[in-house]
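Shown next, in the form of structure tokens:
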């Protein structure tokens, strides 16, 4: 009984995160300003990280958790560098 509940919850979470990723992709590509595109990219990497974590919960493999950690680190560095570029016009001083 509990495995059916877990599989249903994982499937619903995957579906909702996939829909969120599709909506954020539209925001990232068709955002009216650069700030909207960066915000869409930030939310996109967070949702991708969550989707990989849900895959890891569903399959029981740890490789998905490691991949989500790599995405989190790269996404943070990318967000900081894009914010710095928008504020100052250069990334490396």
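In this note's numbering, the protein residues as written are 3 to 95. Ideal Cβ placement from N, Cα and C applies to all residues, glycine included. Fair warning: this is a prediction, and the values are worked out from it, not measured in the lab.
Using 10 angstroms around the beta-carbon of residue i, count the other beta-carbons present and answer buried if the total reaches 16, otherwise exposed.
i          : result
residue 1  : With the chain represented from 3 up to 95, any question about residue 1 goes unanswered, as that position is not in the structure.
residue 13 : exposed
residue 51 : buried
residue 4  : exposed
residue 56 : buried
residue 76 : exposed
residue 19 : buried
residue 9  : exposed
residue 53 : buried
What residue range is occupied by the uninterrupted alpha helix (DSSP H) comprising residue i?
i          : result
residue 30 : 4–32
residue 63 : Element bounds for residue 63: n/a, residue is neither H nor E.
Looking only at its own chain, which residues have a Cβ that is under 7 angstroms from the Cβ of residue i, when we skip the five neighbours before and after it?
i          : result
residue 59 : 12
residue 26 : 42, 45, 46, 49
residue 67 : 55, 58
In its own chain, which residues sit with a C-beta less than 8 angstroms from the C-beta of residue i, not counting the 5 before and 5 after it?
i          : result
residue 7  : none
residue 80 : 43, 47
residue 65 : 58
residue 36 : 88
Leaving out five residues on either side along the sequence, give the residues of the same chain with a beta carbon under 6 angstroms from the beta carbon of residue i.
i          : result
residue 74 : 51
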